[in-house]
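Here's the structure we're looking at; comments come further down.
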Amino acid sequence: MIQSMTGFGKSVSELPKKKITVEIKSLNSKNFDLNARISSQYREKELELRKIISKSLTRGKVDLSVYVENTAEETSSVVNKAVVQSYMEQLRGLVNTDDTELLKMAMRMPDALKTEREEIDETEFKAIEDAVEEALVEINNFRTAEGEALEKDLLLRVSNIQDLLNQIIQMDPDRINGVRERLRKGVEEIKETVDENRFEQELVYYIEKFDITEEKVRLENHLSYFDETINSADSNGRKLAFISQEMGREINTIGSKSNYAPMQQLVVQMKDELEKIKEQLLNVL
């Protein structure tokens, strides 16, 4: 069973005073590449979250977003009393007004408010970890569903190549007969008497040169191995990509050896199917 590298997962957790939202999105990539957007308060815990995500997703370009929203009437900003009082004393000597107006002006001055850095709440971080795990379950389910669609398309393309190969196998005797006839006509056209044994030797040479028996057998083996690999327990896009490269090698050789227009037309169709396979494999985990 294969998996896609494209997916999306989201989890929302409610705490007494906060709401935690985790979103994970992934796209195809050769390696694991994580971009994390989390509150600076939990930046020192980023490595732990990376380990959890990399263990589950293994490959892909991954975006992690963690939003922590206060739902209670609380704030981490407090009035810097000493600074505000100093501003008011200075302003009192400049402005003839009451304390209320002085306070309003002082509160607009720099450093009137200070933000206290909150210590990491382990209970809250545990909720974040649980939300990440839930989002990972969702994104992996998404990847599996996408993988099923990819698998159907890939197996269809492989089946199409096998059908085209069967047609090539069926027409191969006609191709060889065509080579034989072209050589005989060529000899007749130059109106030369040739030694029949020598002619047969030359004919065998050309037939061996154009022989595609090994390529046909190897391509069939690669197609079978592709089916076997795609139905294995683990998703292995790199292995499937390697097999597809070997398939392409045999298809190209058949095309270069064919020297027969109807067969070359089938080879072009095989190449088209193989290109579609390679495009899809870019997104397979």
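Per my numbering, the sequence shown starts with residue 624, numbered consecutively. Every residue gets a Cβ at the ideal spot worked out from N, C-alpha and C, and that includes glycine.
Pick from the options that is closest to residue i, judged by C-alpha positions
i, options, result
"Leu-650", "Lys-641, Lys-642 and Gly-630", "Gly-630"
"Arg-766", "Gly-632, Leu-905 and Glu-837", "Gly-632"
"Ser-679", "Thr-694, Val-760, Val-718 and Val-701", "Val-760"
"Met-732", "Ala-772, Asn-703, Phe-748 and Pro-885", "Asn-703"
"Ala-864", "Glu-838, Gln-892 and Leu-897", "Leu-897"
"Phe-849", "Ser-782, Ala-735, Arg-673 and Asp-656", "Ser-782"
"Val-891", "Glu-752, Ile-874, Val-707 and Gln-868", "Ile-874"
"Glu-902", "Ser-881, Gln-868 and Asp-734", "Gln-868"
"Lys-642", "Lys-668, Ser-627, Asn-658 and Asn-693", "Asn-693"
"Asn-800", "Asp-834, Lys-899, Ile-751 and Gly-770", "Asp-834"
"Pro-639", "Ala-750, Leu-905 and Gly-770", "Ala-750"
"Lys-894", "Tyr-829, Thr-876, Asn-882 and Leu-908", "Thr-876"
"Arg-614", "Ile-830, Gly-871, Glu-667 and Ser-855", "Any property of residue 614 remains undetermined from this structure, which presents the chain solely from 624 to 908."
"Leu-657", "Ile-675, Glu-667, Tyr-665 and Gln-664", "Ile-675"
"Glu-667", "Lys-648, Glu-745, Asn-820 and Lys-653", "Glu-745"
Chain-order list of residues whose beta-carbon lies under 6 Å from that of residue i (same chain, five-residue window excluded)
i, result
"Ser-688", "Glu-646 and Arg-660"
"Ser-662", "Val-691"
"Asn-844", "none"
"Val-635", "Thr-644"
"Arg-780", "Glu-896, Lys-899 and Ile-900"
Range of the contiguous alpha helix (DSSP H) that encloses residue i
i, result
"Ser-879", "860-881"
"Leu-670", "669-680"
"Ser-847", "836-853"
"Gln-664", "Run containing Gln-664: none; DSSP gives neither H nor E here."
"Ile-625", "Per DSSP, Ile-625 belongs to no alpha helix (DSSP H) and is neither H nor E."
"Asp-857", "Taken as a continuous stretch (DSSP letters only), Asp-857 belongs to no alpha helix (DSSP H), as it is neither H nor E."
"Val-890", "884-904"
Beta-carbon proximity list for residue i, same chain, < 7 Å, skipping 5 on both sides
i, result
"Asn-859", "Thr-852"
"Leu-714", "Leu-725, Met-728 and Ala-729"
"Ala-768", "none"
"Glu-774", "Ile-625 and Ile-853"
"Met-886", "Ile-791, Met-794 and Arg-798"
"Leu-777", "Ile-853, Ile-900 and Gln-903"
Range covered by the beta strand (DSSP E) that runs through residue i
i, result
"Ala-659", "655-660"
"Ser-636", "630-637"
Identity of the residues DSSP links to residue i by a beta bridge
i, result
"Tyr-690", "Thr-644"
"Ser-649", "Gly-630 and Val-685"
"Val-706", "Looking at the DSSP assignment, Val-706 forms no beta bridge with any residue, so it has no partner."
"Val-907", "Ser-627"
8 Å CB neighbourhood of residue i in its chain, flanking five on each side removed
i, result
"Asp-722", "Met-711"
"Ala-602", "The chain is shown from 624 up to 908; residue 602 falls before or after that span and cannot be answered."
"Phe-655", "Ser-677, Leu-680, Thr-681, Arg-682, Gly-683 and Val-685"
"Asn-763", "Gln-626, Gly-630, Gly-632, Ser-679 and Leu-680"
"Ala-884", "none"
"Lys-832", "Lys-880"
"Ala-758", "Gly-632, Lys-633, Ser-634, Val-645, Glu-646 and Ile-647"
Continuous beta strand (DSSP E) assignments of at least 3 residues falling wholly in the segment 717-770
As far as the segment 717-770 is concerned, its whole beta strand (DSSP E) runs of at least 3 residues are 736-738.
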